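Visitor: Quick note, the working numbering runs 1 ahead of the 1-based positions in the sequence shown.
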Amino acid sequence: MHTYSRLLGIVFGVLMISLSFAVTAETLLRKFFSVTLGGIDELGGYAIAIAAPLAFTVALVENSHIRINQLTALFPKPAQAMLDALSVLSMALLAGYFFYFTVDTVLDTQEYQSIAQTPWATPLIYPQLLWLIASATFPIAALILAFQALRLLLRGDWRGLARRFGPPSPEEELKAELDDLKKREALAHETPAHEGAAP
Numbered sequence: 002m003h004t005y006s007r008l009l010g011i012v013f014g015v016l017m018i019s020l021s022f023a024v025t026a027e028t029l030l031r032k033f034f035s036v037t038l039g040g041i042d043e044l045g046g047y048a049i050a051i052a053a054p055l056a057f058t059v060a061l062v063e064n065s066h067i068r069i070n071q072l073t074a075l076f077p078k079p080a081q082a083m084l085d086a087l088s089v090l091s092m093a094l095l096a097g098y099f100f101y102f103t104v105d106t107v108l109d110t111q112e113y114q115s116i117a118q119t120p121w122a123t124p125l126i127y128p129q130l131l132w133l134i135a136s137a138t139f140p141i142a143a144l145i146l147a148f149q150a151l152r153l154l155l156r157g158d159w160r161g162l163a164r165r166f167g168p169p170s171p172e173e174e175l176k177a178e179l180d181d182l183k184k185r186e187a188l189a190h191e192t193p194a195h196e197g198a199a200p
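Following this line, the structure appears as structure tokens:
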């Protein structure tokens, strides 16, 4: 699953970096040459629509979404694990609903042959098909994780549920931050092999 999320993260990054370059180019051309590329707003909307479900999937798989757990931390460990499992199962239902909405929208677009209300008059079926493909990544990941959570729940493996789906403890978050700091410091102090060599 982590390879899956990493690939989706790369696609997300490429989309967002490409969009930022396009917006920058459009801004500079307008500012200094009074020239516009045209359609950047439209392409930006498509890029964000495609990138959003990819970001949802990465956050879900990496367990990196924000959760406020001051209340649940007061519960017994089995209750916390059950709530973690419930959150994963409910996320699978939400992902399924999102995908249903996406499919319904694409089918309507196909039926009515809808086009964008922009100078390009793009047939919406083409960007929406890419949106549909990207949107499928979210329920696929959510269903896989829901099955994993359900299996652990039925086995009564509270520790496994907490380890896989629970929020990190303050100690774990601190350790991760310190490890990341050490890596950055090591990179900053690395000297390329060619530096310091005699000319």
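We treat Cβ as the ideally placed atom computed from N, Cα and C, and that holds for glycine. Treat the numbers as computed from the prediction; the structure is a model and nothing was measured.
Would a C-beta distance cut-off of 8 Å place residue 139 and residue 82 closer than the cut-off?
Guide: The residue given as residue 139 occupies position 138 in the sequence shown. The residue given as residue 82 occupies position 81 in the sequence shown. No, Cβ-Cβ distance for residue 139 and residue 82 is not below 8 Å.
Visitor: Could you tell me if residue 182 is buried or exposed, where buried requires 16 or more neighbouring beta carbons within 10 angstroms of its beta carbon?
Guide: Locating residue 182 in the sequence shown gives position 181, where the first residue counts as 1. So residue 182 counts as exposed.
Visitor: Pick from 174, 154, 129, 191: whose alpha carbon is nearest that of residue 54?
Guide: Reading the sequence shown from its first residue, position 53 is the one you call residue 54. Among 174, 154, 129, 191, the Cα nearest to that of residue 54 is on 129.
Visitor: Does residue 37 pass the burial test, meaning 16 or more other C-beta atoms within 10 Å, or should it be called exposed?
Guide: As a working mapping, residue 37 is identified with position 36 in the sequence shown. It counts as exposed.
Visitor: For residue 92, which three-state DSSP category applies?
Guide: Here the question's residue 92 lines up with position 91 in the sequence shown. Correct three-state label for residue 92: helix.
Visitor: Any idea if residue 92 is buried or exposed, counting beta-carbon neighbours within 10 angstroms, 16 or more meaning buried?
Guide: Here the question's residue 92 lines up with position 91 in the sequence shown. Under this definition residue 92 is a buried residue.
Visitor: Please state if the CB of residue 89 and the CB of residue 125 are separated by a distance shorter than 8 Å.
Guide: Within the sequence shown, the letter at position 124 stands for residue 125. Within the sequence shown, the letter at position 88 stands for residue 89. Not a contact, by the Cβ cut-off of 8 Å.
Visitor: Figure out for me which residue from 71, 176, 47 has the closest Cα to the Cα of residue 123.
Guide: Residue numbering aside, residue 123 sits at position 122 when the sequence shown is read from its first letter. Ranking 71, 176, 47 by Cα distance to residue 123 puts 47 first.
Visitor: Unbroken alpha helix (DSSP H) runs of length 4 or more, entirely within the stretch 23-73: which are they?
Guide: As far as the stretch 23-73 is concerned, its whole alpha helix (DSSP H) runs of at least 4 residues are 41-62.
Visitor: What is the residue span of the alpha helix (DSSP H) that residue 138 lies within?
Guide: Numbered from its first residue, the sequence shown carries residue 138 at position 137. Its alpha helix (DSSP H) spans residues 126-156.
Visitor: Among 35, 31, 32, 45, which one has its Cα closest to the Cα of residue 18?
Guide: Indexing the sequence shown from 1 puts residue 18 at position 17. Checking every option, the nearest Cα to that of residue 18 belongs to 45.
Visitor: Going by beta carbon distance, what residues of the same chain come within less than 7 Å of residue 194, once the five residues before and after it are set aside?
Guide: Counted from its first residue, the sequence shown places residue 194 at position 193. Because residue 194 carries a pLDDT of 48, less than 50, the predicted location of this residue cannot be relied on, and the following value inherits that uncertainty. Answer for residue 194: no residue qualifies.
Visitor: What do you reckon, are the CB atoms on residue 120 and residue 40 nearer than 8 Å?
Guide: As a first step, residue 120 is located in the sequence shown; it is residue number 119 there, counting from the start. As a first step, residue 40 is located in the sequence shown; it is residue number 39 there, counting from the start. Yes, they are a contact pair.
Visitor: Beta-carbon within less than 7 Å of residue 152's beta-carbon, same chain only, minus the 5 sequence neighbours each way: which residues are those?
Guide: For the purposes of this step, residue 152 is taken as the residue at position 151 of the sequence shown. Closer than 7 Å at the Cβ level, and outside the excluded window around residue 152, lies no residue.
Visitor: Less than 8 Å between the beta carbons of residue 144 and residue 104, yes or no?
Guide: Taking the first residue of the sequence shown as 1, we reach residue 144 at position 143. Taking the first residue of the sequence shown as 1, we reach residue 104 at position 103. Contact flag unset, no.
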